[in-house]
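A.B. asks: Could you have a look at this structure, given as structure tokens, before my questions?
Residue numbers (my numbering), protein chains in the order written: chain F, 1145 to 1463; chain C, 2 to 503; chain V, 455 to 781.
So, in structure tokens, the structure goes:
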């Protein structure tokens, strides 16, 4: 019996099972929850969040944290929109507006990530404070750029990326598989875990600890910018406050999945299931026509529950 | 004989694995009992039961004629049982006095700490352990030896009548060890009972009245210390005759230099270090704690900087710092701090084994790891270092015993096929059986042409396996002895700092 | 000699940064360097200061409390509801303080009893209490009666009430941390939890107390903020957790526990942040630039702190021999 419980608790698919259980439990009371249309809704809400959470997973594996992802989403959204809108954009009406705009947005994300990376990896500053400051700074910068105005009139070639669920799905699938292969099979992926487990021992063993850490923040910034492309496409609006409220969702979902805040542990599928679970809860509460306060409270309760289960799991491992 | 503490028929299993089987012995009142055994013999489990961290499955303990069943470490200290661990339990950010009375800080009428009374009481305790420091000194400013004395003062502060010393000398210099021993003698005279646990059998024989030997969770020998020779202790601990602790060399060293060090200086750390390490040679560095041996090793491996001098590996000068370049030039470094610098404790055995050489197990251009080749190498390595076959590749490294952990660290370096191997205290915290296996591996490597530099505080060990020994003191090489000139006295004399020599 | 000056500068980094920013602002704006402005600064920073004191207690035990802003909001919402319903001020304030302690105790319970990571627990409670407060306020701003705001400008023996509260909280916290067994034991926990457990310190009780104190401070800070703002809006208390952490860390408190102090550390951190903001206001800077400048200064302070620690560590490296011995 305890053996069985152990296997269930420690399985990679634990959170997926939890999600399915949740669906089964809530479906009877929630009209329209189990329907193709609603699942498409859940999917389109889940995909961009998953991309950000994957970046967060990479950083958490090294034992760091990236609080600046929401600022990256807002900043690259507004910069991208400034570059490619039909009216005042630098690339207005240009045939390459969409691809160039995407490149610019990714570049913004990578640059913010690089700054975080330099501060954490080279100046050895604590990740929490660095990314906290860059969250404040870069979201301030994003708002300052347009003095809090949003920008519409984006090229359709661009909005399609995030607006068309199937295209988004294809993009996220490719990204997810790449990150998965990177983490499981590649040299740098394995080194990420080593750095998270023990950076001193890794350094002495010849692992380029600084480079790996730097890379993790760049990857997180890049993936956040990619999510910004999807979110901006979804809303067809460049906004400096885009994604402002998802920071706790990102970290919550990643940790629910089972990635440790102390480094050395994390997987793509874990994060996928964590995001899925969070979005299922979100969506079902919305369908129940609950007010915003109930949704907020339920989210808190879900994070707590997940943390409690995780601590149970850890105690099982220890026993 | 009056008994301070009696163990009666203690049994303990973890899962289905019995760790202690019917352990019974007595610590005489006012006597010092040496407890020896290999790692995994059950010493720490027994001490954890005594300290209230674990409960025994069967059997009982009697402390000064009263049944003693500690459920929590607090119960142990309340009953007058104190532990001095090898990893010290002090709070480095507090003062000595605050550490001594952290659970019962004296107060004035209100909530505030009565600093006057605190410092007075602390000063009294410091005097008892012979520590000449102000009570308000922060512990982070103390040396390891001083911290240990503070810890003993803490034990005295709650009237400990039984003090357990668990490997107390591991990180102490010779002089600090002597200070500790003379304090133990004074405690002995005051009638305090002690249990002394150590791998250094000479110390146990010298310091203890009685000795108990544990093997595989059972008492396999007990009696007065004078009845045991070191050889007999070893054979009881290991369970077979160990007539030869050190394996023999099969080949002599070559004359081609592997590592050349020329006039390496770093102000305040090392001065004018020059030596040449040849292929197939085992070169020892002896010296006291704090003589600069580990610091020299860190400089050689590029972890710390040096201000002048030259280091060449296989004839090529090492210019850039950092371990990566050293590894490329065929160097390997097993550090003295296994838990913090050697292993990723939570990572699997397999991941630890692959850490250094993983780069060579990838396929370009995506640099994907070739897991098949990895598995083959891991299997081969495990055989090479005789890693415990019970351990699974996916198991976290922290679940291994000290000896097996050290084998993992050594094995991960061997995978990179180093030509220069630097070992800093390779057998610290390793039991006798595993020690022998480590020596065998080291000497086989040397026979195969690897140049080995061994740093050790155990002179026996150095004279047992080295071809040549350098003696360091105060950051400088003071003597060099070839194998035919090895002499314990001369080594010790050269190791002593100048002001101590007359 | 130059080395010694450097070490002195490094050890006093927060204070020097404070003086430097004050000097620059004084040069740029003549109005800045005046008693009335200084008093203003203290009054304005009082809410964040009190919250940051509670946060310092939590950080010293190597924990973190992300729920302080939500506690301010939840307590404030209840208090406003009571006030608007015509209940007495005393009752409203009592309820708010009680709420703060109660919510802190819940954090403590989940961390101590359920053994969950403080980061996660307080993150979850941030959601819970924000949701609760949104429910209480029905996601609308609630304006408080004018006479309530006058508390913020009232004076006690010539000193503004917020300053009195500010000073008493700092004094009590400083005494508690440096002069009581409780305070010293908090430092011990932050230094090494395992050792604290082995030494038999009342770990659970201490952690409970720490989160209760943080909740209490959040509630008091909330009251001070209410008297300044005069209303409870859905954004009330937002980002206070980050500002409080930033202030404590700017003052030299470590995120990893066991190191730091409210006096002078957290005080300097709080005043530094507030000084920047009011300085920028005086200079008529673009308000959109405030967060950017503040972030830059925080980053700079953290950089200073990091390099200070690295250099001090380098210096405390054990020396094998001393130059005098070289003969």
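All C-beta atoms in this analysis are idealised placements derived from N, C-alpha and C, irrespective of residue type, glycine included.
Pull out every residue of the stretch 1318 to 1332 of chain F whose Cβ sits closer than 8 Å to any Cβ of chain C, in chain order.
C.D. replies: So the list reads 1325, 1329, 1330, 1331, 1332, given in the order they occur along the chain.
A.B. asks: Does the CB of residue 508(C) have a neighbour CB from chain V at under 8 Å?
C.D. replies: Residue 508(C) lies beyond the residue range present for chain C, which begins at 2 and ends at 503; the question has no answer from this structure.
A.B. asks: Out of 518(V), 674(V), 727(V), 641(V), which one is the CA nearest neighbour of residue 747(V)?
C.D. replies: Residue 747(V) has its Cα closest to that of 727(V), out of 518(V), 674(V), 727(V), 641(V).
A.B. asks: Determine, for residue 526(V), whether the minimum Cβ-Cβ distance to residues of chain F falls below 8 Å.
C.D. replies: By this cut-off, residue 526(V) is not an interface position.
A.B. asks: Could you tell me the alpha carbon to alpha carbon distance between residue 402(C) and residue 459(C), rounded to whole angstroms?
C.D. replies: Roughly 21 Å separates the two Cα atoms.
A.B. asks: Locate the alpha helix (DSSP H) running through residue 1426(F), then write down its first and last residues.
C.D. replies: First-last of the alpha helix (DSSP H) with residue 1426(F): 1412 to 1431.
A.B. asks: Would the beta-carbon of residue 1264(F) fall within 8 Å of that of residue 1219(F)?
C.D. replies: No. Outside cutoff.
A.B. asks: Output, in sequence order along the chain, the residues in the stretch 75 to 86 of chain C whose CB is closer than 7 Å to any CB in chain V.
C.D. replies: Answer set for the stretch 75 to 86 of chain C: 75, 78.
A.B. asks: At the level of alpha carbons, what is the spacing between residue 1387(F) and residue 297(C)?
C.D. replies: Answer to the nearest angstrom: the Cα atoms are 52 Å apart.
A.B. asks: If contact is defined by three or more beta carbon pairs under 8 Å, each pair taking one atom from either stretch, is the stretch 1188 to 1198 of chain F in contact with the stretch 1338 to 1347 of chain F?
C.D. replies: Result no; under three Cβ-Cβ pairs closer than 8 Å.
A.B. asks: Is it buried or exposed, residue 710(V), if we count other Cβ atoms within 10 angstroms and call 16 or more buried?
C.D. replies: Residue 710(V) should be labelled exposed.
A.B. asks: In this structure, does DSSP put residue 138(C) in helix, strand or coil?
C.D. replies: Coil at residue 138(C), not helix or strand.
A.B. asks: Report the residue from 707(V), 733(V), 740(V), 718(V) whose alpha carbon sits nearest the alpha carbon of residue 512(V).
C.D. replies: When each option's Cα is compared against that of residue 512(V), the closest is 707(V).
A.B. asks: Which term fits residue 429(C), buried or exposed, when burial requires 16 or more other beta carbons within 10 angstroms of its beta carbon?
C.D. replies: When all chains shown are included, residue 429(C) counts as buried.
A.B. asks: Does the beta carbon of residue 347(C) come closer than 8 Å to any beta carbon on chain F?
C.D. replies: With 8 Å as the cut-off, residue 347(C) counts as an interface residue toward chain F.
A.B. asks: Pairing CB atoms from the stretch 1309 to 1324 of chain F with CB atoms from the stretch 1244 to 1258 of chain F, are three or more of them under 8 Å?
C.D. replies: Because the criterion of three Cβ pairs below 8 Å is not met, the stretch 1309 to 1324 of chain F and the stretch 1244 to 1258 of chain F do not touch.
A.B. asks: Output needed in chain order: residues of the stretch 1338 to 1350 of chain F with a Cβ under 8 Å from some Cβ in chain C.
C.D. replies: Answer set for the stretch 1338 to 1350 of chain F: 1338, 1341, 1342, 1344, 1345, 1346, 1347, 1348, 1349, 1350.
A.B. asks: Please report whether the beta-carbon of residue 461(V) lies at a distance below 8 Å from any beta-carbon of chain F.
C.D. replies: With 8 Å as the cut-off, residue 461(V) does not count as an interface residue toward chain F.
A.B. asks: So the alpha helix (DSSP H) residue 1389(F) belongs to, where does it begin and stop?
C.D. replies: Careful: residue 1389(F) lies outside any alpha helix (DSSP H) and carries neither H nor E.
A.B. asks: Any idea which residues DSSP pairs residue 114(C) with across the strands?
C.D. replies: Beta-bridge pairing links residue 114(C) to 108(C).
A.B. asks: Just to make sure I have the definition right: I need the residues of chain F whose C-beta is within less than 8 Å of the C-beta of residue 764(V). Which are they?
C.D. replies: Result: 1268.
A.B. asks: Need the endpoints of the alpha helix (DSSP H) that residue 411(C) sits in, please.
C.D. replies: Its alpha helix (DSSP H) spans residues 403 to 415.
A.B. asks: Rounded to the nearest angstrom, what separates residue 1456(F) and residue 575(V) at their Cα positions?
C.D. replies: Cα-Cα distance, rounded: 15 Å.
A.B. asks: Which one of 668(V), 717(V), 723(V), 715(V) has the shortest CA to CA distance from residue 560(V)?
C.D. replies: Checked all of 668(V), 717(V), 723(V), 715(V); the closest Cα to residue 560(V) is 668(V).
A.B. asks: Using 8 Å as the cut-off, can you tell me whether the stretch 525 to 539 of chain V makes contact with the stretch 687 to 695 of chain V, which would need three or more C-beta pairs spanning the two stretches below that distance?
C.D. replies: Verdict: yes, contact present.
A.B. asks: Is DSSP giving residue 1306(F) helix, strand or coil here?
C.D. replies: Three-state DSSP puts residue 1306(F) in a helix.
A.B. asks: So, helix, strand or coil for residue 1(C), using DSSP?
C.D. replies: Since the first residue of chain C shown is 2 and the last is 503, residue 1(C) is not available in this structure.
A.B. asks: Tell me the residue span of the alpha helix (DSSP H) that contains residue 89(C).
C.D. replies: Premise fails: residue 89(C) is in no alpha helix (DSSP H) and is neither H nor E.
A.B. asks: Output, in chain order, the set of chain C residues within a Cβ distance shorter than 8 Å of residue 660(V).
C.D. replies: Simply none; closest approach about 12 Å.
A.B. asks: Might you give, ordered along the chain, the residues of its own chain that have their beta carbon closer than 6 Å to the beta carbon of residue 1360(F), omitting 5 neighbours on each side?
C.D. replies: Cβ neighbours of residue 1360(F) beyond the five flanking positions: 1202, 1203, 1206.
A.B. asks: With a threshold of 6 Å on Cβ separation, who are the neighbours of residue 1327(F) within its own chain once the five nearest residues in sequence on each side are excluded?
C.D. replies: Correct list, in chain order: 1333.
A.B. asks: Is residue 326(C) helix, strand or coil by DSSP?
C.D. replies: Three-state result, residue 326(C): helix.
A.B. asks: Please report whether the beta-carbon of residue 1192(F) lies at a distance below 8 Å from any beta-carbon of chain C.
C.D. replies: Answer no: the Cβ-Cβ gap between residue 1192(F) and chain C never drops below 8 Å.
A.B. asks: May I have a chain-ordered list of the alpha helix (DSSP H) segments no shorter than 4 residues that lie completely inside the stretch 1247 to 1294 of chain F?
C.D. replies: For the stretch 1247 to 1294 of chain F, whole alpha helix (DSSP H) runs of length 4 or above, ordered along the chain, are 1271 to 1290.
A.B. asks: Is it buried or exposed, residue 1157(F), if we count other Cβ atoms within 10 angstroms and call 16 or more buried?
C.D. replies: Exposed, since its Cβ has fewer than 16 Cβ neighbours within 10 Å.
A.B. asks: Taking the alpha carbon of residue 1431(F) as the reference point, which residue from 1155(F), 1171(F), 1281(F), 1278(F) has its own alpha carbon closest?
C.D. replies: That would be 1171(F), whose Cα lies nearest to the Cα of residue 1431(F).
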